[in-house]
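**Q** All the letters of the sequence shown, read from the start, carry residue numbers 12 to 199 under the numbering used here.
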Amino acid sequence: MNHLINKAAVRVAALVSFVALLTACSSGPRIVTNSAPGFSLAGYQTFSFLQPLSTDNGNVRTLLSSELINSAQRELENAGLRHVDRGGDLLVNFVVSTRETLQTRPSSGASIHHGAGRYGTWGGYSMSVSTTEVVQRTEGTVGIDIIDAQRQQLVWEGAATGRVTDQVRQNRAAAVDLAVRDIFAQFP
12 MNHLINKAAV
22 RVAALVSFVA
32 LLTACSSGPR
42 IVTNSAPGFS
52 LAGYQTFSFL
62 QPLSTDNGNV
72 RTLLSSELIN
82 SAQRELENAG
92 LRHVDRGGDL
102 LVNFVVSTRE
112 TLQTRPSSGA
122 SIHHGAGRYG
132 TWGGYSMSVS
142 TTEVVQRTEG
152 TVGIDIIDAQ
162 RQQLVWEGAA
172 TGRVTDQVRQ
182 NRAAAVDLAV
192 RDIFAQFP
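Take a look at the structure:
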């Protein structure tokens with residue numbers, strides 16, 4: 012049981028990071044999409060979500076998966092597709108990952124001069140300090156895969172990558188929704 016809880020915690024942390032990444036950039040997340048040659052929605056009417064999703068914890072639906080499903084379902088229905096629980100023409104899956112990066116920057120400190128005496132300055136010293144500032148950043152990516160169910164072939168994929176900030180972590184559901192919306196803005 013603890014193993015399932017730990018896996019779920021890791022997945023939730025990854026999701027939080029992903030969402031933070033997407034909402035942290037003032038210009039929004041970086042979006043990349045790719046589709047199979049000749050792919051169009053013309054031959055498809057329905058979609059289902061893969062069972063289980065990559066963002067699930069085995070057979071347990073995670074909160075992240077539920078948030079991704081809600082946002083993706085809205086966007087796919089807006090594109091003219093109809094959701095069915097099983098047996099859709101298209102299958103939808105999600106992938107979420109985070110990456111920690113360290114950035115270093117040299118910086119110099121101030122000099123200190125000191126001297127004191129009864130009749131003026133005497134004996135003094137000077138000190139200069141150089142330091143290196145290390146900044147840790149978390150970058151998150153959320154990916155959406157669209158699979159042709161009959162051919163079992165990936166026909167479209169989209170991903171959003173951005174910085175995960177405290178604001179993103181505190182507003183995960185909104186960040187997930189924004190990322191999914193931005194990804195599907197480039198859906199055929």
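All C-beta atoms in this analysis are idealised placements derived from N, C-alpha and C, irrespective of residue type, glycine included.
Smallest Cα separation from E115: which of T143, N81, V43?
**A** Looking up residue 115 in the sequence shown gives position 104. In the sequence on display, residue 115 carries Thr and not Glu. It is T143 whose Cα lies nearest to the Cα of T115.
**Q** How would you write the range of the alpha helix (DSSP H) that Q164 sits in, first residue to last?
**A** Translated into the one-based positions of the sequence shown, residue 164 becomes position 153. Note, Q164: premise wrong, no alpha helix (DSSP H); beta strand (DSSP E) at 164–175.
**Q** Which of the three DSSP states, helix, strand or coil, is assigned to T34?
**A** In the sequence shown, the residue the question calls residue 34 occupies position 23. Any reading at T34 must be qualified, since the residue scores a pLDDT of 44, below 50, and its modelled position is unreliable; no value is offered.
**Q** Beta-carbon within less than 7 Å of A184's beta-carbon, same chain only, minus the 5 sequence neighbours each way: which residues are those?
**A** As a position in the sequence shown, residue 184 is number 173, starting the count at 1. Contacts found: E78.
**Q** Thinking C-alpha only, which one of A47, L87, Q181, V107 is nearest F60?
**A** In the sequence shown, counting from the first residue as 1, residue 60 sits at position 49. It is L87 whose Cα lies nearest to the Cα of F60.
**Q** Report the partner residues of E86 according to the DSSP bridge assignment.
**A** The count along the sequence shown starts at 1 and reaches residue 86 at position 75. E86 pairs with nothing; no bridge assigned.
**Q** Should the region 62–69 be called in touch with the region 187–197, which here means at least 3 C-beta pairs below 8 Å?
**A** No contact exists between the region 62–69 and the region 187–197.
**Q** Who are the near neighbours of L101 in its chain, counting only those whose CB is closer than 6 Å to its CB and skipping five residues on each side?
**A** Counted from its first residue, the sequence shown places residue 101 at position 90. Hits under 6 Å: Y55, F58, I157.
**Q** If you draw a straight line from the alpha carbon of P40 to that of S118, how long is it in whole angstroms?
**A** Within the sequence shown, numbered from 1, the residue matching residue 40 stands at position 29. Within the sequence shown, numbered from 1, the residue matching residue 118 stands at position 107. The straight-line gap from Cα to Cα measures roughly 30 Å.
**Q** Going by beta carbon distance, what residues of the same chain come within less than 7 Å of G99, once the five residues before and after it are set aside?
**A** Against the sequence shown, residue 99 aligns to sequence position 88. Counting only Cβ-Cβ distances below 7 Å, and skipping sequence neighbours, we find T57, F58, S59, A160.
**Q** I need the straight-line Cα distance from G69 to L92, nearest angstrom please.
**A** Looking up residue 69 in the sequence shown gives position 58. Looking up residue 92 in the sequence shown gives position 81. C-alpha separation (whole angstroms): 27 Å.
**Q** May I ask which residues mark the beginning and end of the beta strand (DSSP E) holding D156?
**A** Residue mapping note: residue 156 aligns to position 145 of the sequence shown, counting from 1. From DSSP, the beta strand (DSSP E) with D156 extends over 141–159.
**Q** For the candidate residues N104, F50, V95, whose alpha-carbon lies nearest to that of S76?
**A** Numbered from 1 along the sequence shown, position 65 holds the residue referred to as residue 76. For S76, the nearest C-alpha among the options comes from N104.
**Q** With a Cβ-Cβ cutoff of 8 Å, do V166 and S46 count as a contact?
**A** Within the sequence shown, the letter at position 155 stands for residue 166. Within the sequence shown, the letter at position 35 stands for residue 46. Yes. Within cutoff.
**Q** What separation, rounded to the nearest whole angstrom, lies between the Cα atoms of C36 and G154?
**A** Within the sequence shown, the letter at position 25 stands for residue 36. Within the sequence shown, the letter at position 143 stands for residue 154. Low confidence applies to C36: its pLDDT is 42, below 50, so where it sits in the model is not reliable, and the reading given next is rough at best. For C36 and G154, the distance between alpha carbons rounds to 17 Å.
**Q** Does R183 come out as helix, strand or coil in the three-state DSSP assignment?
**A** By 1-based counting over the sequence shown, the position of residue 183 is 172. Helix.
**Q** Return the first residue and the last residue of the beta strand (DSSP E) that T57 is part of.
**A** The residue given as residue 57 occupies position 46 in the sequence shown. First-last of the beta strand (DSSP E) with T57: 57–60.
**Q** Below 8 Å CB to CB, which residues in the same chain sit around H94 once its five sequence neighbours on both sides are set aside?
**A** Here residue 94 is taken as the residue at index 83 of the sequence shown, counted from 1. Excluding sequence neighbours, H94 sits near T57, F58, S59, Q84, L87, E88.
**Q** By the three-class DSSP mapping on this structure, what secondary structure does N70 have?
**A** Here residue 70 refers to the residue found at position 59 of the sequence shown. Here N70 sits in coil by DSSP.
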